[in-house]
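A.B. asks: In my numbering, the protein residues as written are 9 to 385.
Beta carbons: idealized from backbone N, C-alpha and C, even for Gly.
Bear in mind that the values here come from a model prediction, so they are computed numbers and not experimental data.
Structure provided below as structure tokens; questions to follow.
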């Protein structure tokens, strides 16, 4: 069983799919591990560290591999680097990229998308969306503080008092909760909003104040599975008015709202941005999916009226060493379930719900029900 760790071909991707620690773990399962030369440099991992963990270092390491670990989906020009039947595990970004999925299927590759991992207890340690969003939420506050021209905590000095910054977090998922916790640790006054009532307790447990129109509709705005229900137009209007008034008083706003497979919902209009105080900062963590903020520019820090809108791409990659360590562990815990420990070889149980939830292509076809070509009618 030969496992290869590929070097990312996208220059904007500094993360790597394995660490010396996970190399040792794969070796303990009986695998030979080959790492592409320089694959970990951008994450602070030299080739020597992989070699010390038992990996071999080379150039065309994927050519003879049974399983390839990557961060991002293979580019079309990489597909000839894999033999037919190779298993590839990566963040595949399948939504809206059916043509790329078909190319991988046509190449005879067996592919798994880590971001499609089912949200079940057994798969928590494999959840790349959570591990990477956690770091993105932290980094969003650091980036905001870097762009903000004032201190975040209140400071009382002989020369006068510096007031604490007001930080507003929109969307209380994994990224939002970490943003709240980080801003609080840095001494800011934090408020947060979300359409799910259950998040109110989470926000308050972190020392922040929850902001929402808490009427009867809001109290019933969550499904049994913990997802948000679509709200009425009347409620949306009341909530938008409350948020618009609140944003006027904020120094930093961080937006985190993303819905898999859909464009990011618009949370902040240009009028709201214009109402903010000079020097304020907005960080849009959804900019790669169209953005939560009108005026956000992917990959740029844009000055829009009185505010800076931060639209960095691949925010977890801005903490490449930490992001790689967590992502590599996510991959290991998933791949471990695909290996027969006694025989020391790949043995995929295609009936496993984790496998069913993540498998994209197999036997020359797209097999995931969400991405299979629609039958001609």
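Checking the sheet assignment: what are the DSSP bridge partners for residue 311?
C.D. replies: BP columns for residue 311 point to 316.
A.B. asks: Return the Cβ separation of residue 294 and residue 265 in integer angstroms, given the expectation that the two are a contact with Cβ distance under 8 Å.
C.D. replies: With a Cβ gap of about 6 Å, residue 294 and residue 265 count as contacting.
A.B. asks: Use the C-beta contact count for residue 351: other C-beta atoms within 10 angstroms, 16 or more gives buried, fewer gives exposed.
C.D. replies: Residue 351 is exposed by the Cβ-count criterion.
A.B. asks: Buried or exposed: which applies to residue 16, given that a residue is buried once 16 or more other Cβ atoms fall within 10 Å of its Cβ?
C.D. replies: The residue is buried, with at least 16 neighbouring Cβ atoms inside 10 Å.
A.B. asks: Quick one: residues in its chain with C-beta nearer than 6 Å to the C-beta of residue 13, no 5 flanking neighbours on either side, listed in chain order?
C.D. replies: 25, 26, 43, 47, 77, listed in sequence order.
A.B. asks: Among residues of its own chain, excluding the 5 on either side of residue 105, which ones have a beta-carbon nearer than 8 Å to its beta-carbon?
C.D. replies: Cβ neighbours of residue 105 beyond the five flanking positions: 81.
A.B. asks: For residue 94, which three-state DSSP category applies?
C.D. replies: Residue 94: coil per DSSP, three-state reduction.
A.B. asks: Counting C-beta neighbours from all protein chains within 10 Å, is the total for residue 30 16 or more, i.e. buried, or is it exposed?
C.D. replies: Buried is the call here.
A.B. asks: Let's test the definition: count the other Cβ atoms within 10 Å of the Cβ of residue 386 and tell me whether it reaches 16, buried, or not, exposed.
C.D. replies: Residue 386 is absent from the model: the chain starts at 9 and stops at 385.
A.B. asks: Would you say the region 194-205 touches the region 175-182, given that touching needs at least three Cβ pairs under 8 Å?
C.D. replies: Contact between the region 194-205 and the region 175-182 is present, because at least three Cβ pairs lie under 8 Å.
A.B. asks: Return helix, strand or coil for residue 87, following the three-state DSSP convention.
C.D. replies: Correct three-state label for residue 87: helix.
A.B. asks: Since residue 8 sits in a beta bridge, which residues does DSSP pair it with?
C.D. replies: The requested residue 8 is not part of the displayed model; the chain covers only 9 to 385.
A.B. asks: With a cut-off of 8 Å on the beta carbons, I'd call residue 196 and residue 160 a contact; round off their distance for me.
C.D. replies: Right, their Cβ atoms sit about 5 Å apart.
A.B. asks: Run through DSSP, which three-state label would residue 11 get?
C.D. replies: In the structure shown, residue 11 sits in a strand (DSSP, three-state: E or B).
A.B. asks: If you count every other CB in all the chains shown that lies within 10 Å of the CB of residue 208, and 16 or more means buried, which is it?
C.D. replies: The residue in question, residue 208, is buried, as its Cβ has 16 or more Cβ neighbours within 10 Å.
A.B. asks: Give the single residue among 85, 116, 361, 257 whose Cα lies nearest to the Cα of residue 372.
C.D. replies: Selected option, being the one with the closest Cα: 116.
A.B. asks: Taking 8 Å as the threshold (C-beta atoms), are residue 289 and residue 146 in contact?
C.D. replies: No. Outside cutoff.
A.B. asks: Ignore the nearest five residues each way along the sequence and tell me which others in residue 137's own chain have a CB closer than 6 Å to its CB.
C.D. replies: Contacts found: 123.
A.B. asks: Between residue 319 and residue 302, is the Cβ-Cβ spacing less than 8 Å?
C.D. replies: No, they are not a contact pair.
A.B. asks: Between which residues of its own chain and residue 304 is the CB-CB distance below 6 Å, once the five residues before and five after are set aside?
C.D. replies: Around residue 304: 292, 295, 317, 319.
A.B. asks: Please report the straight-line C-alpha distance between residue 306 and residue 349, rounded to a whole angstrom.
C.D. replies: Roughly 45 Å separates the two Cα atoms.
A.B. asks: If distances are taken between C-alpha atoms only, which option among 50, 100, 312 comes closest to residue 125?
C.D. replies: Here the closest residue by C-alpha is 100.
A.B. asks: Give every residue of the same chain whose Cβ lies closer than 6 Å to the Cβ of residue 38, excluding the five residues on either side of it in the sequence, and list them in chain order.
C.D. replies: Cβ neighbours of residue 38 beyond the five flanking positions: 352.
A.B. asks: For a test of the three-state rule: what should DSSP assign to residue 194, helix, strand or coil?
C.D. replies: Three-state result, residue 194: coil.
A.B. asks: What are the boundary residues of the beta strand (DSSP E) that includes residue 255?
C.D. replies: Per DSSP, residue 255 belongs to no beta strand (DSSP E); it is in the alpha helix (DSSP H), 241-255.
A.B. asks: In the DSSP assignment, find the beta strand (DSSP E) that holds residue 165 and state where it starts and stops.
C.D. replies: From DSSP, the beta strand (DSSP E) with residue 165 extends over 163-165.
A.B. asks: Less than 8 Å between the C-beta atoms of residue 300 and residue 276, yes or no?
C.D. replies: It is a contact, given that the beta carbons lie within the stated cut-off.
A.B. asks: Starting from the Cα of residue 247, find the closest Cα among 45, 226, 256 and give me that residue.
C.D. replies: Nearest C-alpha to residue 247: 226.
A.B. asks: Within the same chain, show all residues whose beta-carbon is closer than 6 Å to that of residue 134, passing over the 5 residues directly before and after it, in chain order.
C.D. replies: 125, 338, 341, 342, listed in sequence order.
A.B. asks: State buried or exposed for residue 368, treating a residue as buried only when at least 16 other CB atoms are found within 10 Å of its CB.
C.D. replies: With 16 or more other Cβ atoms within 10 Å, it is buried.
A.B. asks: What would DSSP say about residue 208, mapped onto helix, strand or coil?
C.D. replies: In the structure shown, residue 208 sits in a helix (DSSP, three-state: H, G or I).
A.B. asks: Mind checking whether residue 328 and residue 50 have CB atoms under 8 Å apart?
C.D. replies: Result yes, Cβ atoms of residue 328 and residue 50 sit closer than 8 Å.
A.B. asks: At the level of alpha carbons, what is the spacing between residue 131 and residue 163?
C.D. replies: Their Cα atoms are separated by approximately 44 Å.
A.B. asks: Whole beta strand (DSSP E) runs in the region 14-49 with 3 or more residues, listed along the chain?
C.D. replies: With a minimum length of 3 residues, the continuous beta strand (DSSP E) runs that stay inside the region 14-49 are 40-44.
A.B. asks: Hey, quick one: how far does the alpha helix (DSSP H) through residue 342 stretch, first residue to last?
C.D. replies: Looking at the DSSP string, the run of the alpha helix (DSSP H) that includes residue 342 is 328-344.
A.B. asks: One question on the structure: do residue 188 and residue 214 come within less than 8 Å of each other, judged by their Cβ atoms?
C.D. replies: Contact flag set, yes.
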